[in-house]
Each structure stands twice: as structure tokens, then as C-alpha cells.
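Below is one structure; the comments refer to it alone.
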Amino acid sequence: MLSAMSVPLTLLGLLEREPSHGYELKRDYDMFFGRGKPLSFGQVYATLSRLARDGKAIAGPTEHGEGPERRRYIITDQGAAEVETWLTEPAEPEPHLQSVLFAKVVLALMLDRPAARYLDAQRAAHLRRMRELTEQVQDGGVLDTLLADYGLYHLEADLRWIDHTAARLDLIAQAVRR
Amino acid sequence: MSGTVTGGRPAPGSGGQQAVGGKPAAIIEARGIVKSFGATPALRGASLTVRRGEILAVMGPSGSGKSTLLHCLAGILIPDEGEVWFDGRRLDTQSEDRRSDLRRDRFGFVFQFGQLVPELTAEENVAMPLLLSGVRRGPALAEARPWFGRLGLEGLEQRRSGELSGGQAQRVALARGLVARPEVLFADEPTGSLDSMSGELVMRLLTAAVREQGTTVILVTHEARVAAYAGREVVVRDGTVGSLTGAMP
């Protein structure tokens, strides 16, 4: 459901809640963000290895017990800073980015971040883009207008979702916090 | 100047037209406005600065207080607490008569439902603000007529409001709001009753006309597509004003 870009940041966000094993991350990701498209174990472990390689997470010692060997991953300061930035910055306003907006809101609430502030930033970014497109509509020819209108209507739909969500943050927070 | 400056604070716009920090001077400012209707608070300390010549969108969900804010800024409602300034003068302390003169001579209005006078022709409706200011009928109608061409209403001059479509009636209302060349146009959901095509046309014509005249516009809307015609937007939530970008509202 999420774009390939967002999966590492979402897993990193889940790691910020608490150090976790790969299978726990997969379980939580699938529950909150997978929505019928679960991550494969291969994708989870490959992503965790990359995060460790890039200094955003640390792999703990191998734990021996029943079942396969497993390691607990811990987020680093660098990783936490990256999550912070991602959750605060509006996404590039394009049509069909609902999944990224959704992930940011849910993670922000999960991590006790100011989700309303993020939504405001996203709303401002959307309105800025809509203003640019509106200028194109006023200045352009028929086809330019047609294309700009396509963007305008989709951005407007996102904005309605943003307003709807902003009005229900308390309710959503209850659903995602433990 | 009859405005009273309280607490030694400077009056917005009192220094004339000079810009501070490269921005045009404020034409309207609200400071900590509180307004309740009975026990129901509508505004709880709303502050806002409107710069001369800008188109400002005031957004917010229904019931957030945005129309009440517009009515306070226009001197239609008097806040329970706080101050409203227009062009360097305190507005909310002036008498009803003076505020009424101000609304007639320096402000224009467009509402969601055009609110044309049904007994009058479209042309007479447009000329109405001029007639109320004491302009004689002939010159007032002569001033009104070019607006029909500008807003794509040619041939509809003699129609009454019942003979106009919603979009046409709203364009007549827009012409009426602008005919006296007001310094500030207050527009409350001006496209709220229109389909998207008519709404878009009204907004295009509105922005073109006010840019040409240098009119300041305060545009109340809950629609992002309409707000996108403004140069800046603020959001009213729970009776206070916030900006989306963290800048001062």
C-alpha cells in the first residue's frame, strides 16, 4: 500500500516505539499499514539490514531460543531524527498520495507527535500547489486547464480527507496507541 | 482622526501607506476579538491583519466562527471584547450611523445567495450602492452598465432576479459589490450556491476585477478550490485565527 520510499521510514517509526524483532515489525506494519498487502519477511529483513548499514538502526546480538535465531533492532539518534523530519514535513502534493498521508498521521499519533501540526503543514503545501494550478487554469489553454483541473480535484479530495482527519485525531489516537 | 488608541499601541495603517518590511500596510486589523451569541461563544480572541490590496481567504469548518469574524471586520457586528481597526481608525467604537456610512462608501459585499432586490432590474440592482450614496439615477445606471460586459452578462440588464440563473445572479451581485469601487470587498461563500463551472467563472471574474481596481478582498470559504484564488489563507478554528504556515495571521 505504501510507496517503496515510505516502507523503511515506517519501519523506523515503529522501531522508535520500542526495540523490536523483525517479525514484530512485520506484524505491526501489516496490521496498521499493510491493508491486505503484507510485507514479505525478505523485504523486512533486507530493509532492516539497510537501516543498520546506514546507521539508522543497530542490530542487537543474536538471541538463541526456541525457533529460528532472531535479533532485536534498536533505533539510533540518526534514525530518530529522520523519523522526526519525515513526520513533520509535508509530502510533495501530488494526486494519489493518500497512503503516505495516512502513514504519517497514524505514526505521528502512535509516537505521540503533533499530528495536527503535520496536517496543517500538509494542508498549506496542498493549498500552495492548488494556487499554482489555479494560476495555470487562468493563464493556460484548454488542455492545460484540463490537466490542471485533474490535479486540483484530486488535491481537493486530499484536503477534504485532511480536514476530516484533523477533526477526528483524538479518536484515531485512541485506536493506534497501546 | 477620531479613533482611540488604547494602551499606547500604534493604530494599524495610521502611518499612511508605508510598507513595513516590504509588505503593504495593514488596511484592516482585528485584535483579540471575542463575540458570543447568548451563551454560545463564536469568537474567542481572534486576531488578524489584512494587508492593503491582498486577497485573503478565511477558511474553516462550518460553525468555526469565520462568518462572525467577517461581520465583525466589516462593522456589521460589534465584538464583546477586542478591537477592530480600519485604515488607521478604530471601527468597533464608532456609532452605527458612521459604520453604516463606512459600509456604504468604502466596503462592498457579496454573499452566498446574491440577495438581489427582486422588484428591481439587474441593472438597478448593480447601481444600488451608487444610488444609496446619492448618485443620481442616470449617472448611476451609466456606471452600472459596463459591468454587464465585463462579467459576461450582456443582454440581461433588464431582467429581474427571478429571470436569472444562479450563476448570473451571483455575477450581478458581484458587480453590485464592486460598482462603487470599494476599498475592501467582503465575500462570504460567494460561490457556495453555485455549481463548479459557475463558481469558477465567478472567482475568475472576481479576481480579475479586484486586481484591476486594487481592491482588498476578504473571502470566507470552506472550499479549497475557491481559497486557491487568494494570495494567502488563514484558518478559523474554535473561534481563533491561525495560519497554516506558522506565520502571523
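Note that the protein sequences, when read in sequence, are chains A and B.
Going by the numbering used here, the first sequence opens with residue 1, and the numbers climb by one from there.
Going by the numbering used here, the second sequence opens with residue 179, and the numbers climb by one from there.
From the three backbone atoms N, C-alpha and C, an ideal C-beta is built for every residue, glycine too.
Within chain A, ASP163 and ALA167 have C-beta atoms less than 8 Å from the C-beta of PRO239(B), given in sequence order. The alpha carbon of ALA173(A) has as its nearest neighbour, out of ILE58(A), PRO8(A), LEU12(A) and ALA115(A), the alpha carbon of ALA115(A). Counting along the chain, GLU63(A) sits inside the beta strand (DSSP E) bounded by residues 57-63. The Cβ neighbour count for GLY79(A), taken over all protein chains shown within 10 Å, is at least 16; the residue is labelled buried. Listed along chain A, no residue sits closer than 9 Å to ARG230(B) by beta-carbon distance, the nearest being about 20 Å off. The continuous stretches of alpha helix (DSSP H) do not include TYR407(B), and DSSP gives it neither H nor E. Residue-level contact by beta carbon holds for GLU411(B) and chain A, with a gap shorter than 8 Å. Boundaries of the alpha helix (DSSP H) around ASP158(A): 142-166.
Look at ARG222(B): its C-beta is not under 8 Å from any C-beta on chain A.
No Cβ of chain A is located within less than 8 Å of the beta carbon of ALA320(B). Short of 6 Å from the beta carbon of SER376(B), and not among the five residues preceding or following it, lie these beta carbons of its own chain, in chain order: GLY345. The three-state reading of DSSP puts ALA365(B) in strand, counting E and B together. Non-local C-beta neighbours of ASP283(B) in its own chain, meaning closer than 6 Å and more than five positions away in sequence, are absent. Per DSSP, the continuous beta strand (DSSP E) segment holding PHE264(B) begins and ends at 259-264. Rounded to the nearest angstrom, the Cβ distance from LEU363(B) to GLY286(B) is 4 Å, consistent with a contact under 8 Å. Looking at ARG50(A), PRO61(A), ALA108(A) and ARG71(A), the one whose alpha-carbon comes closest to that of GLU84(A) is ALA108(A). Using a CB distance cut-off of 8 Å, MET130(A) counts as an interface residue toward chain B. Across the region 392-409 of chain B, CB contacts with chain A closer than 7 Å involve ALA402, ARG403, ALA405, ALA406 and TYR407, in sequence order along the chain. Contact between LEU25(A) and LYS56(A) is absent: CB atoms are separated by about 14 Å, not below the 8 Å threshold.
Contact check for ALA252(B) against LEU294(B) fails: the beta carbons are separated by 8 Å or more. Between ARG382(B) and chain A, the shortest Cβ-Cβ separation is below 8 Å.
Look at THR134(A): its C-beta is under 8 Å from a C-beta on chain B. When Cβ pairs closer than 8 Å are counted between the two stretches, the region 150-168 of chain A is seen to touch the region 109-129 of chain A, the count reaching three or more.
Taking 8 Å as the upper bound for CB-CB distance, ARG71(A) and THR62(A) are in contact here, some 6 Å apart. Per the C-alpha coordinates, the member of LEU356(B), VAL398(B) and GLY210(B) positioned closest to TRP263(B) is GLY210(B). With 16 or more other CB atoms across the displayed protein chains lying within 10 angstroms of its CB, GLU378(B) is buried.
Straight across, the Cα-Cα distance linking VAL380(B) with TYR29(A) is about 47 Å. Secondary structure at LYS213(B): strand, using DSSP grouped into helix, strand and coil.
Separation of ARG27(A) and THR218(B) (C-alpha to C-alpha, rounded to the nearest whole angstrom) is 47 Å. Cβ-Cβ distances below 8 Å link PRO239(B) to HIS400 and ARG415 in the same chain, with the five nearest sequence neighbours on each side left out; the list follows chain order. Taken through DSSP and simplified to helix, strand or coil, PRO219(B) comes out as strand. Beta bridge pairing from DSSP links TYR118(A) with no other residue. Not one beta carbon of chain B lies nearer than 8 Å to the beta carbon of LEU146(A). Residue state for SER273(B) is assigned as coil, using DSSP reduced to three classes. Per DSSP, LEU234(B) is not a residue of any alpha helix (DSSP H); the beta strand (DSSP E) it occupies stretches across 233-237. The beta-carbon separation of ARG354(B) and GLU335(B), rounded to 13 Å, does not stay under the 8 Å limit for a contact.
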